[in-house]
Structure formats: structure tokens, C-alpha cells
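For the sequence shown, this note's numbering gives the first residue as 8, with consecutive numbering after it. These notes concern the structure reproduced below.
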Amino acid sequence: MIATIQEGDVRQYSVIVKAFQQPIYRYCCRLLANKQDAEDAVQDILVKAYQTLHLYKRAEHFSAWLYRMAYHHCLNLLRKRRLHNRVMRIIRLETLSASPAQEIDNGWYTPSLARALTMLSPEERSLLILRVFEEQSYTEMSEIFKIRPNALIKRMKRIKRKVQKAMNSEEEIDWSEQQLNVNTKI
């Protein structure tokens with residue numbers, strides 16, 4: 008199907024949009040922690056994917072190519088958000104507080120998990136989201152990040168320990184290895 012779109016049958020792109028819009032939205036929503044930003048990001052990503060479809064190489068999975076594009080787009084948005092927040096703190100125009108929509112978004116996770124996720128780097132958060140929430144295999148994630156599956160497994164173990172440590176200190180609960188494996192599928 009991608010080949011037919013690349014050859015000029017643009018009507019087929021609607022099939023791609025229908026297939027990937029929701030999974031990419033969920034991924035962006037969890038990575039950005041804001042529904043509105045995720046909705047905007049999905050639109051931008053799907054438009055950019057259409058505009059750069061001629062660069063897609065059939066040797067890799069289309070979903071890996073699209074998730075990689077989504078990851079980089081969200082990473083740029085997070086960088087801009089972080090820069091904006093720093094500027095706002097410096098000039099102290101107003102106190103930064105979460106909007107009602109952001110408060111609702113924060114309810115997607117338990118408070119301790121949400122705080123633990125904020126302690127992760129964007130790449131670590133992305134890996135965790137793809138593995139746990141999007142249920143991507145290490146092979147699929149390997150294609151997205153161009154990292155060997157064995158290296159991803161090691162990174163996921165480190166991320167898991169980081170989240171466990173943050174949640175343990177937050178809730179003062181001993182999250183056992185077995186509980187986390189069942190609850191987070193890591």
C-alpha cells in the first residue's frame with residue numbers, strides 16, 4: 008500500500024491515517040502528558056509523514072518509521088516546553104500551574120507513577136511507553152530507535168529499577184519484582 012501512495016495514489020493515505028491515528032495519539036499523549044498537545048502532535052506527524060513519504064525505505068517497517076517520527080516530534084515539543092518553562096520562571100510573569108485539562112491528564116496515572124515518569128529522560132519515558140502501554144516488542148522498538156534488542160532489554164531493566172525506586176520512595180511501599188512484572192509487563 009505504501010508503494011501505491013508513493014507512486015501517486017494519495018487516496019490510500021486515509022487507510023494509513025485510520026490505522027495509525029489512535030496508536031500514535033496514545034503514544035504522544037503518554038509522552039507529552041497533555042491531550043491537546045497530543046492531538047496537535049498527531050496531526051503534525053501524519054502530515055509530515057505524508058509529506059516525507061518519498062523518504063520511507065521499504066526495508067524497514069512502516070510503523071517503526073512512523074513511531075520514530077512521532078518520538079522526534081514529541082521530543083522537540085518537550086524541549087520547547089522545557090525552554091518555555093525556564094523562561095517563564097526567570098522573568099516571573101506568572102506562577103506556572105496546571106490547567107484543568109492537564110489535571111485531568113494527570114489522572115491517567117497514579118500520582119506516584121506520574122512523578123516517577125517525570126524523573127525519566129524523554130527517551131526512557133518513550134521506551135517505557137512503547138513497551139508497556141503500546142505493547143511493542145523489543146524487535147519493533149529496536150527498529151524504531153535503531154538500537155539492538157539486547158541493549159533495549161538492559162535499558163528497560165534500568166528504567167524499571169528507576170521507576171521502582173521512585174515509586175518506593177514516593178509511596179513507601181515495597182513494590183516487589185513480581186508485582187511490577189505483572190502490572191507493567193516489563
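We put the CB at the ideal spot given by N, CA and C, even for glycine.
Closest Cα partner of HIS80 within the set GLU46, LEU62, HIS61 and GLU67: GLU46
Exposed unless 16 or more other CB atoms sit within 10 angstroms - verdict on SER133: Buried, by the Cβ-count rule.
CB of GLU130 within 8 Å of CB of PRO30, strictly: no
Helix, strand or coil at LYS153 according to DSSP, with G and I counted as helix: In this structure, LYS153 counts as coil in the three-state DSSP scheme.
Where GLU130 falls: helix, strand or coil (DSSP): helix
VAL49 classed as buried or exposed, judged by whether at least 16 other C-beta atoms fall within 10 angstroms: buried
For GLN19 and MET8, the rounded distance between their alpha carbons: 7 Å
Three-state secondary structure assigned by DSSP to ALA26: If DSSP states are grouped into helix, strand and coil, ALA26 belongs with the helices.
Cβ neighbour criterion (16 or more within 10 Å) applied to VAL170: buried
Residue from LEU38, THR11 and LYS161 with nearest C-alpha to ASN83: LEU38
CB contact flag (TYR202, ILE151, <8 Å): There is simply no residue 202 to check, as the chain begins at 8 and stops at 193 in what is shown.
Bounding residues of the alpha helix (DSSP H) (the contiguous stretch that carries TYR57): 42 to 58
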